[in-house]
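In mature numbering (1 follows the signal peptide of the UniProt record, and there is no 0), the protein residues as written are -18 to -1, 1 to 155.
Next comes the structure, spelled out in structure tokens:
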């Protein structure tokens, strides 16, 4: 009996430390995700993945997409920005930096230069404007989760689109 209680306490402690994302936990089914009604409604993609425009990130409702592998949640992608305005995308990247730092502590920003947020932001904007990808990630990752953000662009039918995404991935074993 003591072993069972110890195991349950250890399991509860691990669950409390596991980040996942908001009310969603890795391993949930599409049905489990939809059961979180307070963040719905949800839209289903043709491959079974889900999306909501009511996921909280930094105190604001955001678009979040739920990626399922073999019917189980393994990634939550917060789409902080999708559009054609590089300046607006850069401002959202700055807000995302601030939110990630507040939630997870100091960040690493490979391939970016600068000591201030403004300098990092200018470096990210220049990199993305020339077809590159600006990434950032918490130096200390939450238990059971790999968190990273990408700011990038793509061109479709002659129009350049910019995206700022934050991914919460189930950590590899």
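We put the beta carbon where it would ideally sit given N, CA and C, even for glycine.
Checklist entry - In the stretch 65 to 133, which residue ranges form an unbroken alpha helix (DSSP H) of at least 4 residues, counting only runs that do not cross its ends? => result 68 to 86 and 99 to 111
Item to check | Any 3 or more C-beta pairs closer than 8 Å across the stretch 31 to 42 and the stretch 77 to 86 | outcome: yes
Next on the checklist: Quick check: the Cα distance between residue 59 and residue 26, rounded to an integer number of angstroms?
Outcome noted: 15 Å
Item to check | Reference residue 73, options 32, 133, 9 and 89, closest by Cα | outcome: It is 133.
Item to check | Identity of the residue in 155, 154, 147 and 153 nearest residue 47 by Cα | outcome: 147
Checklist entry - Closest to residue 65 by CA distance: which of 141, 155, 150 and 151 is it? => result 141
Checklist entry - In three-state terms, what does DSSP make of residue 31? => result coil
Next on the checklist: My output table needs one value for residue 57: the three-state DSSP class, helix, strand or coil.
Outcome noted: strand
Checklist entry - Assuming residue 94 contacts residue 102 under a Cβ cut-off of 8 Å, what Cβ separation, rounded to an integer in Å, is found between them? => result Yes, residue 94 and residue 102 are in contact; Cβ-Cβ is about 5 Å, under 8 Å.
Item to check | residue 136 versus residue 114 - alpha carbon distance | outcome: 10 Å
Item to check | Per-residue DSSP class, three states only, for residue 16 | outcome: helix
Next on the checklist: Quick check: the Cα distance between residue 92 and residue 129, rounded to an integer number of angstroms?
Outcome noted: 14 Å
Next on the checklist: By DSSP's criteria, residue 46 is part of a beta bridge. Which residues make up the other side?
Outcome noted: 34 and 60
Checklist entry - From 100, 85 and 56, pick the residue whose C-alpha is nearest to that of residue 124; which is it? => result Nearest C-alpha to residue 124: 85.
Next on the checklist: At the level of alpha carbons, what is the spacing between residue 157 and residue 150?
Outcome noted: No information on residue 157 is available, as it lies outside the stretch -18 to 155 that the chain covers here.
Next on the checklist: Using only the alpha-carbon positions, how far apart do residue 156 and residue 98 sit?
Outcome noted: The requested residue 156 does not occur in the structure, where the chain is confined to residues -18 to 155.
Item to check | 8 Å contact criterion, which residue 30 and residue 17 should meet: CB distance rounded | outcome: Taking 8 Å as the upper bound for CB-CB distance, residue 30 and residue 17 are not in contact here, some 16 Å apart.
Checklist entry - In terms of residue numbering, what span does the beta strand (DSSP E) encompassing residue 145 cover? => result 141 to 152
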